[in-house]
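Heads up: the sequence shown begins at 9 in this note's numbering, then just goes up one per residue.
Glycine is no exception: its CB is placed at the ideal position from the N, C-alpha and C atoms.
Treat the numbers as computed from the prediction; the structure is a model and nothing was measured.
For reference, the structure discussed in these notes is given below.
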Amino acid sequence: MGAILHAVGRKAACLLLIMCLLALTGCGMLAQQPSPWQDDAPERVTIAEVPFFAQKEYQCGPATLAMVLNWSGLKLTPEELVSEVYTPGREGSLQSALVSAARRHGRVAYPISGMDVLVTELAANHPAIVLVNLSLDFYPKWHYAVAVGYDQPASEIILHSGTIANERLSLRVFNNIFERSDYWGLLVLPPDELPATVREDAWIEAVLGLEKASQNDAAIIAYETALKRWPENFSAWIGLGNCRYRADNMSAAAKAFGQAIRLDPKSGPALNNLAYVLWKLGRRNEALNLARQAVALGGPLQEKFQKTLTEIENNPSPSSTPRPGKGLVR
């Protein structure tokens, strides 16, 4: 969803929740949902390491983000995050703003969806920001909370929400208000920690977000974490090579691009990037050979490949080039 998310005060939240429950139970709309509990999961989980910050009016975005960032090892207050995520004219925070802010602080922002996924992540000691609608579809009142645990025998979800720490909500009610956001949740993880329900493509996409946020060191760790799980992931090798290049570690960048070529010998970006890095390392003849191979492959990036080849041809050594090299592509 792209809606602006409104934090509501405690009294308003309670009133809205009561209205929601009365309306829903009166109409018989709290349908039975499939159980999210996993057979091998603990019966009760509370992630005690998640601090609680009571939200100020319309400030559920900064408050929830501060909670999960502190859990991840950073020291930030909601007040420090207001300027990053809060939109004053709309009295709330966009989901995309939370994702972007988490990335700027060197954390992997990993969206999740579904009750079963949420419960599995909680069992793995991963708190999650969750988006709920405390009212009805035709008059939504969006609110962020942090899911910090569950109680399977009591059929309850435990939340840091509004001004209440460790608030317990029945699974049935929580599912109903969570469903109204299409079950949108967000993990904010250190770059060396994979979600329990991780999907390979989703992790790589999340790490690419770190790259775009100029969090190069964190992206290196996150790509290396990915490659421990999926050593044959082409995109991770390309991403790691690009990050190593930005860190001025040309030898490591060359190794990463070499691994990418091993996986896909006909990859124009991998050939181009390795050519550029080898040129930086003073291995011009090898670089020329690879750059020519990339150009010969054609495709939508051929013009960029040609620029790399031309730069290498016109400059016998990287020290003689009049500008910093910009030859890497994805």
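Per DSSP, reduced to three states, the secondary structure at E57 is coil, with no helix or strand assignment.
Under the DSSP assignment, W287 falls in the alpha helix (DSSP H) whose first and last residues are G276 to K288. Cβ contact annotation for T85 (same chain, cutoff 8 Å, sequence separation greater than five): F61 and A74, in chain order. Taken through DSSP and simplified to helix, strand or coil, D159 comes out as strand.
Within the segment 55 to 141, the complete beta strand (DSSP E) segments of 3 residues or longer fall at 116 to 121 and 136 to 141, listed in chain order.
Here E129 is buried: its Cβ has 16 or more other Cβ atoms, across all protein chains shown, within 10 Å. One thing to note: A264 has its Cβ no nearer than 7 Å to the Cβ of V116.
Assignment of G335 by DSSP, reduced to helix, strand and coil, places it in the coil class.
Three or more Cβ pairs drawn from the segment 208 to 227 and the segment 244 to 257 lie within less than 8 Å of each other, which places the two stretches in contact. Fewer than three Cβ pairs drawn from the segment 219 to 235 and the segment 159 to 167 lie within less than 8 Å of each other, which leaves the two stretches out of contact.
Spatial neighbours of N280 in its own chain (CB-CB distance under 8 Å, excluding positions within 5 residues in sequence) are listed in chain order as L298, A299, A302, L309, K312, F313, T316, G335, L336 and V337. Rounded to the nearest angstrom, the gap between the Cα atoms of H151 and S178 is 17 Å. The shortest C-alpha to C-alpha distance from A304 to any of N322, I320, G276 and P326 is the one to G276. Looking at the backbone, the Cα of D124 and that of L289 are separated by about 49 Å. In its chain, beyond the 5 residues on either side, Y231 and A264 have a beta carbon closer than 6 Å to the beta carbon of L248.
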